[in-house]
Structure formats: C-alpha cells, structure tokens
Amino acid sequence: MTVEHEDQLEKLRVVGALVARTLAAMGAALEPGMTTKELDDIGRALLEKDGARSAPELTYNFPGATCISVGPDCAHGIPGDTVVKAGDLINIDVSAELDGYFGDTGASFAVPPVTKRVERLCRDGRRAMWAGIRAVKPGARLNEVGRSIEAFAQKNGYSLVRNLASHGVGLSLHDEPREIATWNEPRDRRLIPEGLVFTIEPFLSLGADWVDELDDGWTLRPPRGQPTVQYEHTLVATRNGPLVLTLA
255 MTVEHEDQLE KLRVVGALVA RTLAAMGAAL EPGMTTKELD DIGRALLEKD GARSAPELTY
315 NFPGATCISV GPDCAHGIPG DTVVKAGDLI NIDVSAELDG YFGDTGASFA VPPVTKRVER
375 LCRDGRRAMW AGIRAVKPGA RLNEVGRSIE AFAQKNGYSL VRNLASHGVG LSLHDEPREI
435 ATWNEPRDRR LIPEGLVFTI EPFLSLGADW VDELDDGWTL RPPRGQPTVQ YEHTLVATRN
495 GPLVLTLA
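Per my numbering, the sequence shown runs over residues 255 to 502.
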C-alpha cells in the first residue's frame with residue numbers, strides 16, 4: 255500500500271495505535287502462572303472493544319486472536335494451556351483490521367528473573383529494529399533496511415533469522431512489497447516510494463539463522479532452541495523520514 259491521501263493515513267494511525275496499545279497491555283499483564291490463552295483473551299477483548307478484528311484469524315484462520323510464542327519458540331505460537339513461568343522469553347505479535355486497514359506490531363518480553371545475556375538480547379533486538387527504521391527514506395533502496403540491521407547484528411555478535419522477513423501492510427496483513435529482508439540482500443534493487451506502508455521486524459538471535467515449523471503447522475522454532483527475539487513496527491516512508499504508526 256502507498257498512502258495517497260490524509261484519510262488513509264488517519265485510518266492507519268488509528269489501527270496502528272490500537273495494536274500498539276493492545277501489545278503494551280498484554281506485556282504489562284504478563285506474569286507467571288497465567289496461560290497464554292488467558293493472555294490472548296486480554297488482547298482479543300481490547301481489539302474487539304474498538305471494533306477491530308484479529309488479522310491472523312481474519313486472513314489465515316489462525317487459532318487465536320494474537321500470536322504468543324514461549325521460548326524456544328519465537329513466532330506464530332498458538333495461545334493455549336501453556337503456563338507462563340519465571341525466566342520465560344515470550345514473543346507477542348498483535349495485528350488487526352479496523353475499517354478496512356491493517357496494523358501489525360510485536361515484541362519479545364523476558365519474564366523476570368532472567369539472565370543478563372537475555373536482557374541484552376532483548377535490548378539489542380529493539381536497537382536492531384530501530385537501526386532498520388532509521389534507514390527508511392523515499393527513493394532509497396529497500397535493502398538499506400536489511401543492510402543496516404545486519405551491520406548492527408554483526409557488530410554486536412548476533413545472527414539474524416533469514417527465513418522470516420518484513421512485509422508490506424495496510425490494505426491487507428501481508429501486502430506488497432513482500433519479503434523485505436532484515437539482512438543484507440544486495441540483489442534486491444527495489445526502491446522505497448514515498449508513502450509506502452510496511453513493517454520492519456528483525457529476528458535477532460544468539461546463533462540461529464533459520465527457524466523450523468512445528469507439527470502444529472504454525473509455531474516456529476530455531477533448530478537448536480537458540481534464544482531469539484523479534485520487535486516489529488508498522489511505518490510509512492515520508493519525505494520527512496519514517497513515520498512509525500505503532501507506537502503506544
């Protein structure tokens with residue numbers, strides 16, 4: 255999607271703010287002893303209160319309102335009877351449709367107490383995402399996003415999962431341009447047009463560069479259970495730089 259008028263931008267702002275508030279509320283509610291289904295119910299209630307629909311349910315018939323992955327799983331986890339424990343690393347991904355427009359955001363949360371190593375991974379996961387966001391400029395190549403993220407990852411001793419990518423969003427959950435690499439992909443010669451709506455969501459890892467799908471057909475896990483985090487924003491490329499739509 256490319257934003258063409260202010261009304262579109264305003265609707266994107268509204269759904270972006272909603273998924274951001276929902277993610278923040280779910281993160282604040284996260285505590286040992288609750289199930290991931292109970293956490294998902296909080297997200298569902300907040301989305302439905304404002305008239306929004308879960309994007310993964312709507313688009314893919316996903317069995318939950320949000321994706322909740324308990325480490326070593328790192329993406330597309332199905333909410334259920336799994337009980338949250340102290341020390342868990344949990345990813346929450348919230349995406350929704352409201353009034354025909356989609357917003358998408360996500361973050362990883364470490365349930366205390368956790369090791370300094372995991373604290374640093376979470377901190378640097380956010381820094382990696384912002385390294386990519388700062389590279390967004392109309393007329394620049396899309397691969398500048400991944401080049402900037404990879405430069406950060408290499409400098410700080412991390413790997414990047416390379417079979418999960420950022421994507422266009424706006425009028426659908428997964429829109430054009432598809433598969434925007436969060437690593438350096440020099441063969442990608444696509445440019446960023448002004449008004450382009452897309453996500454930036456690197457998966458920063460302590461050693462994994464790939465994830466496998468589990469038998470449930472959804473959940474993704476690094477092959478050796480390496481700790482992996484994801485942070486995600488939806489943004490618009492404007493002449494004044496990236497406009498982040500999913501800040502709480």
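C-beta atoms are modelled at their ideal positions from N, C-alpha and C, and glycine is treated no differently.
Nearest C-alpha to Y412 among N345, D429, R381, L293: R381.
For G400, the enclosing alpha helix (DSSP H) covers residues 397-409.
In this structure, V465 lies near L418, with their beta-carbon atoms less than 9 Å apart.
Taking all protein chains in view, the Cβ of R475 is crowded by 16 or more other Cβ atoms within 10 Å, so the residue is classified as buried. G325 places its beta carbon less than 9 Å from that of P481.
In the same chain as F363, and ignoring 5 residues on each side of it, the C-beta atoms closer than 6 Å to its own belong to G281, L284, I344, in chain order. Between L301 and T276 the beta-carbon gap is near 6 Å, inside 8 Å, which marks them as a contact. When beta bridges are read from the DSSP output, F457 appears opposite Q484.
Per DSSP, reduced to three states, the secondary structure at V269 is helical. Taking the C-beta atoms as reference points, A361 is found nearer than 9 Å to E486. In the structure shown, D327 adopts coil according to DSSP, grouped into three states.
A straight-line Cα-Cα distance of about 24 Å links L458 and A309. Excluding its 5 nearest sequence neighbours in each direction, C376 has C-beta neighbours in its own chain below 7 Å: S362, A364, V483, listed in chain order. Ranked by Cα distance from P366, the options F406, R307, V338, R267 are led by V338. Less than 9 Å divides the Cβ of K291 from the Cβ of G334. By the neighbour-count criterion, in which 16 or more other beta carbons inside 10 Å mark a residue as buried, G393 falls on the exposed side.
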